[in-house]
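> Residue numbers (the numbering used here): 133 to 406. Following this message is one structure expressed as structure tokens.
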Amino acid sequence: MKATPRILLASCAVFLTLGSALAWQKPWREYPGQDNIEVPPDFNVQAEWVFARLMYPPFRGGYNGRFANSWKLGRSSWTTDYTAADRHVAQAMRRLTRVSVRSVEQAVDLDDPDDVFNFPWLYAVEVGRWELSDSQIKQMRDYLDRGGFFMTDDFHGTREWDIFMASMQRVYPDRQIIDIPDGDSIFHSIYDLDTRIQVPGAQYLYTGRTYERDGYEAKWRGIYDDKGRLLVAICHNMDLGDAWEYADEPRYDEKFAGMAFRIVSNYVVYAMTH
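So, in structure tokens, the structure goes:
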């Protein structure tokens with residue numbers, strides 16, 4: 133795999149806009165999750181970029197529905213790999229890019245009228261288990277149309293794809309989901325990712341399989357606007373979140389963790405410069 137670092141040249145206007153947005157972000161708080169780790173000592177130091185993690189209500193059709201009434205309190209499908217994955221990404225971004233990165237994540241609720249607009253990049257895990265409300269659909273569409281970028285990860289196979297699409301098609305009923313071309317700049321913003329591999333979850337440590345359910349082949353898909361800007365980046369049949377979380381696990385292959393960090397680095401820099 134060819135992986136050529138590039139110098140990150142972000143415009144002053146981008147960073148001035150982000151800097152002004154910091155003052156309006158909600159105060160940081162940590163929710164109970166599945167993999168909470170130690171809070172870094174510099175957690176309260178502001179920066180230009182924050183790992184913004186989407187909070188969402190889980191699918192009510194009997195698939196993880198036990199979280200339906202408590203998802204705003206944590207310990208839900210949206211907290212999968214939280215906070216270990218988020219903080220490991222922050223560490224990697226500090227090492228691999230020139231982006232100023234906060235050491236802790238931010239949980240973002242679309243039910244808040246303004247908060248999501250403070251973040252140029254938004255991430256959701258296990259979107260094969262979500263079900264957005266009508267108001268959240270409207271807020272997500274508004275966020276993306278205003279220039280936001282949404283990255284999804286860690287959902288596998290046909291059923292989870294269908295559940296994901298049930299909400300995403302309501303966000304953009306007028307736009308198609310297509311495979312991201314190899315030549316798209318999102319694969320070349322820092323690293324050249326012409327060759328990509330399926331990144332497995334932690335189940336790989338016990339099964340040796342890189343896939344889950346019937347998600348045999350990794351798919352990098354997206355939704356574009358009329359000018360060719362990528363609005364939504366969909367990582368289907370892979371588990372980057374686990375790769376970030378288990379990056380320091382000796383049994384987890386470096387080739388998977390390395391790929392996961394290169395992908396997120398490219399996606400973040402793309403989101404901040406396009």
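A virtual CB, placed ideally from N, CA and C, is assigned to each residue, including glycine. Just so it is clear, the structure is predicted and the values come from calculations on it, not from any experiment.
(1) Between L362 and D316, how many whole angstroms is the CB-CB distance? I'm expecting something under 8 Å.
(2) Here's the rule I'm using: 16 or more other beta-carbon atoms within 10 Å means buried, otherwise exposed. How should D218 be labelled?
(3) Under 8 Å, with one C-beta from each stretch per pair, do the region 385 to 393 and the region 202 to 216 reach the 3-pair mark?
(4) Under the three-state reduction of DSSP, which class applies to Y399: helix, strand or coil?
(5) For L205 and Y163, what's the separation of their Cα atoms in angstroms?
(6) According to DSSP, F393 sits in a beta bridge with which residue or residues?
(7) Applying the criterion that 16 or more other CB atoms from any shown protein chain within 10 Å of the CB defines a buried residue, is N176 buried or exposed?
(8) Do H288 and D374 count as a contact pair if the criterion is CB distance below 9 Å?
(9) Classify F199: buried if its beta carbon has 16 or more other beta carbons within 10 angstroms, exposed otherwise.
(10) In the DSSP assignment, find the unbroken beta strand (DSSP E) run with K351 in it and report its ends.
(11) Identify the residues that DSSP records as bridge partners of M408: which are they?
(12) So, is P118 buried or exposed, given that buried needs 16 or more other C-beta atoms within 10 angstroms?
(13) Is the CB-CB distance between D174 and D285 below 9 Å?
(14) Please report the straight-line C-alpha distance between I318 and T339, rounded to a whole angstrom.
(15) In the DSSP assignment, find the alpha helix (DSSP H) that holds A179 and state where it starts and stops.
(16) Indicate the three-state DSSP secondary structure (helix, strand or coil) for A184 in the structure shown.
(17) If you check the beta carbons only, do L337 and R383 fall under 9 Å apart?
(18) Tell me, please, whether the region 218 to 238 touches the region 292 to 302 by the rule of three or more beta-carbon pairs shorter than 8 Å.
(19) Under 6 Å Cβ to Cβ from D311, same chain only, skipping five residues before and after it: list those, please.
On the basis of the supplied data:
(1) About 7 Å separates the CB atoms of L362 and D316; that is less than 8 Å, so the two are in contact.
(2) Sixteen is the threshold: when 16 or more other Cβ atoms of the shown chains lie within 10 Å of the Cβ of D218, as they do, the residue is buried.
(3) No, the region 385 to 393 does not touch the region 202 to 216.
(4) In this structure, DSSP gives Y399 a helical state, which the three-state scheme calls helix.
(5) One C-alpha to the other measures close to 7 Å.
(6) The partner list for F393 (beta bridge, DSSP) is empty, contrary to what the question assumes.
(7) With fewer than 16 Cβ atoms within 10 Å of its Cβ, N176 is classed as exposed.
(8) Against a cut-off of 9 Å, the Cβ pair of H288 and D374 comes out as no contact.
(9) Since pLDDT at F199 reaches only 49, below the 50 mark, its modelled position is unreliable, and no value is offered.
(10) Following the DSSP letters along the chain, one finds K351 inside the beta strand (DSSP E) bounded by residues 351 to 356.
(11) Past the edges of the chain, shown from 133 to 406, lies residue 408, and the structure says nothing about it.
(12) This structure gives no information on residue 118, because the portion of the chain shown stretches from 133 to 406.
(13) One thing to note: D174 has its Cβ no nearer than 9 Å to the Cβ of D285.
(14) Each residue's alpha carbon lies about 32 Å from the other.
(15) Judged by DSSP secondary structure, A179 falls outside any alpha helix (DSSP H); it is assigned neither H nor E.
(16) Looking at A184 - three-state DSSP - the assignment turns out to be strand.
(17) In contact: L337 and R383 (Cβ atoms closer than 9 Å).
(18) Under the Cβ criterion (8 Å, minimum of three pairs), the region 218 to 238 does not count as touching the region 292 to 302.
(19) For D311, where only same-chain residues beyond five positions count, the Cβ hits under 6 Å are R353.
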